[in-house]
Amino acid sequence: MADGAPRALHIDDPIIRLDNLSKRFGSLVVFENLSMDIARGKTTTILGPSGTGKSVLIKHIVGLLAPDDGSVWVEDVNMVTAPERVKLQVRTKFGMLFQHGALFDSLTAGENVEFPMKYHRRSWSAAKRREVAMEKLRLVELESFYDAPTASLSGGQRKRVGLARAIALEPEVVLFDEPNSGLDPLTSATIDDLIRRMQRQLGITFIIISHDIVQAMHISDYIGMLFGGTLLEYAAVDDFLHTRHRTVRAFLQRNVDLPEMDDSELIDP
Amino acid sequence: MSAITRFLARVGAFGLFVAAFARATVTHRPPVERTFEEAYRIGVQSLPILIIVNIFVGTNLAVQGNNAFEQLGGQSMVGTFVALAGVREMAPIMVASMVAAKAGTEMASQIAVMRIQEQIDALEVMAINPLWFLVTPRLLGILLVLPGLTMISVALMLASAWFVAIVQLGLNGSDFLAQCAEITHGADLVYGAIKAFVFAIIICLVSCFFGYTSPKGPAGVGRATNAAVVVSAVVCAILNYLMSELLYG
Numbered sequence: 003m004a005d006g007a008p009r010a011l012h013i014d015d016p017i018i019r020l021d022n023l024s025k026r027f028g029s030l031v032v033f034e035n036l037s038m039d040i041a042r043g044k045t046t047t048i049l050g051p052s053g054t055g056k057s058v059l060i061k062h063i064v065g066l067l068a069p070d071d072g073s074v075w076v077e078d079v080n081m082v083t084a085p086e087r088v089k090l091q092v093r094t095k096f097g098m099l100f101q102h103g104a105l106f107d108s109l110t111a112g113e114n115v116e117f118p119m120k121y122h123r124r125s126w127s128a129a130k131r132r133e134v135a136m137e138k139l140r141l142v143e144l145e146s147f148y149d150a151p152t153a154s155l156s157g158g159q160r161k162r163v164g165l166a167r168a169i170a171l172e173p174e175v176v177l178f179d180e181p182n183s184g185l186d187p188l189t190s191a192t193i194d195d196l197i198r199r200m201q202r203q204l205g206i207t208f209i210i211i212s213h214d215i216v217q218a219m220h221i222s223d224y225i226g227m228l229f230g231g232t233l234l235e236y237a238a239v240d241d242f243l244h245t246r247h248r249t250v251r252a253f254l255q256r257n258v259d260l261p262e263m264d265d266s267e268l269i270d271p
Numbered sequence: 046m047s048a049i050t051r052f053l054a055r056v057g058a059f060g061l062f063v064a065a066f067a068r069a070t071v072t073h074r075p076p077v078e079r080t081f082e083e084a085y086r087i088g089v090q091s092l093p094i095l096i097i098v099n100i101f102v103g104t105n106l107a108v109q110g111n112n113a114f115e116q117l118g119g120q121s122m123v124g125t126f127v128a129l130a131g132v133r134e135m136a137p138i139m140v141a142s143m144v145a146a147k148a149g150t151e152m153a154s155q156i157a158v159m160r161i162q163e164q165i166d167a168l169e170v171m172a173i174n175p176l177w178f179l180v181t182p183r184l185l186g187i188l189l190v191l192p193g194l195t196m197i198s199v200a201l202m203l204a205s206a207w208f209v210a211i212v213q214l215g216l217n218g219s220d221f222l223a224q225c226a227e228i229t230h231g232a233d234l235v236y237g238a239i240k241a242f243v244f245a246i247i248i249c250l251v252s253c254f255f256g257y258t259s260p261k262g263p264a265g266v267g268r269a270t271n272a273a274v275v276v277s278a279v280v281c282a283i284l285n286y287l288m289s290e291l292l293y294g
C-alpha cells in the first residue's frame, strides 16, 4: 500500500473514486499514484500532518485543482476530463466548509446561507429562500443570527454559518477542510457533535480533512492517513487503530491508546 | 526565471484570464442588478475626487497657457490651448488615472482578499463562475460610467479654466468660449468617449487580473493592489498617446 497504487479498502458503490492521482508543484511531489474510494452516505476523514497535501486532495475532489495524472470520478463523471458545463453540474452535488468559513463579509449570516439559492433556485421567492436559510441555520443552532453581520461572528459561529451554507442546496457530499482549526476545545467539541448529528439526520456523505485525531475517531466511519505523498493507511475506524504502519502509529500514539504490537509486526513506508 | 520570461508569463496569464472571462461572460446571462450597483459605486465614489482634480487641472491649464502665450502676445490663444489640451488629452487620461487609483485599487484589493480568504474557491464549489460573478458586473459598470465621468470632467476643466481666465487673468470670457467652440467639435467628445471606453476595459481587466491572481497573505494583497494601479495607469498613458495619434494624427 505504501506505493499508493492498490486500494486497501474495498467499498461497494463508492460515491467518489480517486484513481492513481498524482500532483506536483514544481519539484515538490504532493502525492503520487494515490487511489481511494469514498463510501456513500458515510463520514470519511483524511488525516495527516500539516503540509501533506490534504487540502490539495480535497480541492482535486471538487475539481478546483487538476491532477498531473490520474482521475477523479464522482459517480460516473471524471472531473479531470469533463467539460466545464458538466463539472458545474457535478459541483451542485457538493457543499464545502472552508477552513475559515469563506463567508462573504458584506452579507449577513442569513444572506450567506441564501447566497447559493439565489443562483441555483431561481424560481424560489425571497420568502422561500429566507425560510430555507432559517431552517439550515436552525440545524447549526444559529437561527437567531440570521441578520447578524458576518464580521460580528466568532470563529466557531462563522464555521457553523459556513456549514449551513454548505448544506443549503441539500448536497450529496459535504467536504470539510480542517473544521476545528483555530477553535478552542469546547467549540471544537460543539462542531464535532454538530457534524455527527447532521450526518445522522441528513445521511449524506461527509469528507473531512483534519490533523485532529480525536475528532477523526469521534465522527468518522472511515479514516485514511496521508503521509509523504501516499495514503499510508485507509480503513474503518476500529481497523485503523490496529494499523501496523509505524508512522501511522507514531502519529496516533500521542492522543489515542493503541493496542500493543510487537516491533517485528510493524511495517515502514 | 529571468525578468523577461516572468513578464511574458504574466502577459500570457493575462491573455488566458481575459479569454476565460470572455467565455464566462458570453455563456451566462448578464448580471443586470449587480452591474448597476457597480456603476453607481464606481461613479458616485469617484465623482468627488474627479471634481476637485479636474477643476484644478482646468485652472492650471488656463494659467500655464496664459504664461506661454503672453510672451508671444497671443493671449487670445489661451481658450484654444485649454480646449485642445483639456478636451482631447487631459480629461480622458485624468479620469482614467483617478478611476484607476480609486475604483481600480478597490477592485484589485477586494478580489485579492476574496482570493486569500477562499471566497473565490467557495464560489467555484457553489458552481458559480467567479469570473462572471466578480469581473462581468465590474466591467459593465465601469463601461457605463467612465464615458459620462469623462464628459463631466471636460465640462469642469473648461468651466474652471474659463473662470480663471476672466477673474484671475483678466481675459475676455466670450472670446475664450468662442476659441473653445471653434477648435473643438462633436467628434472630440465622441473620441473622448472612445478613449474612456478603452480605458475602462483596461482598468477593470488589469485590476481584476491582479486581484484574482494575488499571492497569498496581506503582503500579496498590497502587491496586487499596487501592481493594478501602476500597470493600469501606464497602459492607459501609452494607449492615450497611440489613440491620439490614430484619432487626431
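So the protein lines, in turn, are chains A and B.
Counting from 3, one number per residue, gives the positions in the first sequence under the working numbering.
Counting from 46, one number per residue, gives the positions in the second sequence under the working numbering.
Quick reminder that beta carbons are idealized off the backbone N, C-alpha and C, glycines included.
For residue i, which residues does DSSP report across the bridge?
i, result
"A:H247", "A:I269"
"A:K25", "A:F33"
"A:D39", "A:R19"
"A:N80", "A:W75"
"B:T150", "Partner(s): none; B:T150 has no beta bridge."
"A:S212", "A:L49"
"A:L233", "A:L228"
"A:A238", "A:Y224"
Could you check what DSSP says for residue i in three-state terms: helix, strand or coil?
i, result
"B:G88", "helix"
"B:I173", "coil"
"B:G262", "coil"
"A:T110", "strand"
"A:L283", "The requested residue 283 of chain A is not part of the displayed model; chain A covers only 3 to 271."
"A:F100", "coil"
"A:P261", "coil"
"A:L11", "coil"
"A:M119", "helix"
"B:E163", "coil"
"B:G119", "coil"
"A:A166", "helix"
"A:V175", "strand"
"A:T207", "strand"
"A:P151", "strand"
"B:H73", "coil"
"B:H230", "coil"
"A:D70", "coil"
"B:N112", "helix"
"B:L191", "helix"
"A:E180", "coil"
"A:S146", "helix"
"B:L214", "coil"
"A:K94", "Here residue 94 of chain A turns out to be Thr, not Lys, going by the sequence shown. A:T94 falls in the coil class under three-state DSSP."
"B:T270", "helix"
"B:T80", "helix"
"B:V180", "coil"
With hydrogens ignored, establish whether the beta-carbon of residue i is closer than 8 angstroms to any heavy atom of the ligand FMN.
i, result
"B:I49", "Among the ligands in the structure shown, none appear at all, so the ligand FMN cannot be discussed."
Determine the burial state of residue i: buried for a count of at least 16 other Cβ atoms within 10 Å of its Cβ, exposed for fewer.
i, result
"B:A264", "exposed"
"B:E169", "buried"
"B:A232", "exposed"
"B:F255", "buried"
"B:L61", "exposed"
"A:K130", "exposed"
"A:R202", "exposed"
"A:Q255", "exposed"
"A:E34", "buried"
"B:G83", "Per the sequence presented here, residue 83 of chain B reads as Glu, with Gly not at that position. By the 10 Å Cβ count, B:E83 comes out buried."
"A:H62", "buried"
"B:G110", "buried"
"B:V102", "buried"
"A:I269", "exposed"
"B:A58", "exposed"
> Which residues, in chain order, does the segment 158–187 of chain B contribute to contact with chain A at a C-beta distance below 7 angstroms?
Replying inline: Going along the segment 158–187 of chain B in chain order, one finds Q162, E163, Q164, D166, A167, E169, V170, M171, A172 and I173 with a Cβ nearer than 7 angstroms to chain A.
>> Closer than 7 angstroms between beta carbons: that is the criterion. Which residues of the segment 174–204 of chain A meet it against chain B?
In response: Residues of the segment 174–204 of chain A with a C-beta atom less than 7 angstroms from some C-beta of chain B do not occur.
>> Closer than 8 angstroms between beta carbons: that is the criterion. Which residues of the segment 109–134 of chain A meet it against chain B?
In response: For the segment 109–134 of chain A, the residues whose beta carbon sits under 8 angstroms from a beta carbon of chain B are, in order, F117, P118, Y121 and H122.
>> Beta carbons nearer than 7 angstroms to chain B: which residues of the segment 13–37 of chain A have them?
In response: Residues: none.
>> Short of 9 angstroms Cβ to Cβ, which residues in the segment 52–66 of chain A face chain B?
In response: Listed in chain order, the positions of the segment 52–66 of chain A with a beta carbon within less than 9 angstroms of a beta carbon of chain B are K61, V64, G65 and L66.
> the segment 88–104 of chain A: which residues have C-beta closer than 8 angstroms to a C-beta of chain B, in chain order?
Replying inline: Within the segment 88–104 of chain A, the qualifying residues are L90, Q91, R93, T94, F96, G97, M98, F100, Q101, H102 and A104.
>> At a CB distance below 8 angstroms, what residues from the segment 219–253 of chain A approach chain B? Give them in sequence order.
In response: Residues of the segment 219–253 of chain A with a Cβ closer than 8 angstroms to any Cβ of chain B: none.
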